[in-house]
Amino acid sequence: DAKTTQPNSMESNEEEPVHLPCNHSTISGTDYIHWYRQLPSQGPEYVIHGLTSNVNNRMASLAIAEDRKSSTLILHRATLRDAAVYYCILRAFATNTGNQFYFGTGTSLTVIP
Amino acid sequence: DSGVTQTPKHLITATGQRVTLRCSPRSGDLSVYWYQQSLDQGLQFLIQYYNGEERAKGNILERFSAQQFPDLHSELNLSSLELGDSALYFCASSVDGTATSMYGYTFGSGTRLTVV
Chain A
43 DAKTTQPNSM ESNEEEPVHL PCNHSTISGT DYIHWYRQLP SQGPEYVIHG
93 LTSNVNNRMA SLAIAEDRKS STLILHRATL RDAAVYYCIL RAFATNTGNQ
143 FYFGTGTSLT VIP
Chain B
221 DSGVTQTPKH LITATGQRVT LRCSPRSGDL SVYWYQQSLD QGLQFLIQYY
271 NGEERAKGNI LERFSAQQFP DLHSELNLSS LELGDSALYF CASSVDGTAT
321 SMYGYTFGSG TRLTVV
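Just so you know, the protein sequences line up as chains A and B, in that order.
Oh and the first sequence: position 31 is 73 in my numbering, straight run, nothing missing.
Oh and the second sequence: position 67 is 287 in my numbering, straight run, nothing missing.
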């Protein structure tokens with residue numbers, strides 16, 4: 043799977059929007075962009091995913107650059123419960139190979155009250 | 221509750237011993253994945269099973285083995301334990317393990333293994 047690059051850490055004030063960037067310059071045409079987050083002492087949880095178009099769900103929005111070499115996870119109003127490590131992962135559209143996700147080091151988000 | 225059940229939640233054992241970690245996937249999910257998370261290594265993929273068969277291997281040591289049973293639950297066996305095996309072990313499940321890889325994972329809450 044192609045590699046992603048994320049900042050090690052970011053801070054945000056509570057109730058302000060947060061933009062978490064991810065670079066994936068070696069992305070291929072069929073790679074899906076997935077975001078997971080890991081709250082303290084919990085397993086990772088799915089946040090959002092997309093292929094080409096921007097995506098919205100109840101948790102967040104995903105903005106994908108036109109060339110798909112970068113994406114941004116947007117939390118519209120950060121809460122203290124959003125403090126977590128956020129992982130940006132690429133997934134190839136595989137047919138016969140395993141479907142495993144490879145997690146990088148992610149971005150540790152601190153939300154300041 | 222994510223629907224993925226891992227037992228036990230905590231395990232303390234001595235070096236050289238063998239332990240078994242258990243995972244029950246979310247209802248309807250056929251694929252199970254095991255991950256190891258230690259402080260200095262992050263989340264490392266170990267192994268994947270799909271409908272009872274091994275599908276992919278990651279950074280899994282030869283001292284470790286896994287299997288998926290007909291009822292789809294999975295066990296991760298860790299033997300000849302060393303201090304460095306102390307970590308959080310996560311199980312995840314997904315609907316499938318092949319073509320439609322846009323589907324995500326559901327993770328369990330993990331088993332914390334401490335080797336003393």
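Where a beta carbon is used, it is the ideal one built from N, C-alpha and C, also for glycine.
Is the separation between the beta-carbon of A120(A) and that of S70(A) shorter than 9 Å? For the purposes of this step, residue 120(A) is taken as residue 78 along the first sequence, with counting starting at 1. For the purposes of this step, residue 70(A) is taken as residue 28 along the first sequence, with counting starting at 1. Contact check for A120(A) against S70(A) fails: the beta carbons are separated by 9 Å or more.
Just grab the DSSP bridge partners of G262(B) for me. Translated into positions along the second sequence, residue 262(B) becomes position 42. For G262(B), the pairing in a beta bridge is given by DSSP as S258(B).
Below 8 Å, can you find three or more Cβ-Cβ pairs linking the segment 279 to 295 of chain B to the segment 100 to 111 of chain A? Verdict: no, contact absent.
By the criterion of Cβ-Cβ separation under 8 Å, what are the contact partners of Y88(A) in chain B? On the first sequence, position 46 is the one that residue 88(A) refers to. Neighbours of Y88(A) on chain B, chain order: G324, Y325 and T326.
Using only the alpha-carbon positions, how far apart do H61(A) and S222(B) sit? Along the first sequence, one-based indexing puts residue 61(A) at 19. Along the second sequence, one-based indexing puts residue 222(B) at 2. Their Cα atoms are separated by approximately 26 Å.
Compute the beta-carbon to beta-carbon distance between D260(B) and V315(B), rounded to the nearest angstrom, for a pair I have assumed lies under 8 Å. Walking along the second sequence from the start, residue 260(B) turns up at place 40. Walking along the second sequence from the start, residue 315(B) turns up at place 95. The pair is not a contact, with the Cβ atoms about 33 Å apart (cut-off 8 Å).
With a threshold of 16 other CB atoms inside 10 Å of the CB of R238(B), please say whether the residue is buried or exposed. Along the second sequence, one-based indexing puts residue 238(B) at 18. Taking all protein chains shown into account, R238(B) has fewer than 16 neighbouring C-beta atoms within 10 Å of its C-beta and is therefore exposed.
Just to check my reading of the structure: N50(A) and T147(A) have Cβ atoms closer than 8 Å, yes? What is that Cβ distance to the nearest angstrom? In the first sequence, counting from the first residue as 1, residue 50(A) sits at position 8. In the first sequence, counting from the first residue as 1, residue 147(A) sits at position 105. Correct: roughly 7 Å between the Cβ atoms.
Identity of the residue in L301(B), Y255(B) and P290(B) nearest Y144(A) by Cα: By one-based count along the first sequence, residue 144(A) stands at place 102. Nearest C-alpha to Y144(A): Y255(B).
In chain order, what residues of the same chain lie with their CB nearer than 8 Å to the CB of T46(A), ignoring the 5 residues before and after it? Translated into positions along the first sequence, residue 46(A) becomes position 4. Cβ within range, chain order: C64, N65, H66, C130, I131, L132 and G146.
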